[in-house]
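Position one of the sequence shown corresponds to residue 4 (the numbering used here), numbered consecutively onward.
For glycine and all other residues, C-beta sits at the position ideal for the given N, C-alpha and C.
Working notes, structure below.
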Amino acid sequence: MLHYKTGQIPDLPYKQAVKKPIPIRCIQINEPFRVNSMEGVVEGKAGDYLMIGVHEEMYVCDREIFEKTYDLLP
4 MLHYKTGQIP DLPYKQAVKK PIPIRCIQIN EPFRVNSMEG VVEGKAGDYL MIGVHEEMYV
64 CDREIFEKTY DLLP
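See below:
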């Protein structure tokens with residue numbers, strides 16, 4: 004079985020991909036919160052986003068990661 008370790012990117016012939024522009028529901032929560040996610044109970048910090056995925060799953064997205072990877076729609 005292959006095992007890839009954090010910080011050790013294997014030398015493979017990678018392709019590039021772009022996430023599909025699939026709108027999801029999200030809201031910034033301004034106090035600490037918990038979510039029952041597919042991975043179990045996950046905690047969000049004040050300012051993190053509560054996200055609702057395409058299969059109605061809930062998850063937490065760190066504020067800094069959200070701001071780097073998402074644009075809010077009007």
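Cβ shell of residue i (< 8 Å), same chain only, five flanking positions each side left out
i, result
"residue 37", "44, 45, 46 and 47"
"residue 14", "none"
"residue 25", "57"
"residue 60", "40 and 41"
N-terminal and C-terminal residue of the alpha helix (DSSP H) that residue i is part of
i, result
"residue 70", "66-72"
Beta-carbon separation (whole angstroms), residue i vs residue j, contact threshold 8 Å
i, j, result
"residue 56", "residue 32", "Residue 56 to residue 32, Cβ: 16 Å. No contact."
Opening and closing residue of the beta strand (DSSP E) in which residue i lies
i, result
"residue 38", "36-40"
"residue 52", "52-55"
"residue 11", "No beta strand (DSSP E) contains residue 11, which DSSP labels as neither H nor E."
Proximity test, residue i beta-carbon vs the ligand ATP heavy atom, cut-off 6 Å
i, result
"residue 40", "This structure does not include the ligand ATP; it has no bound ligands of any sort."
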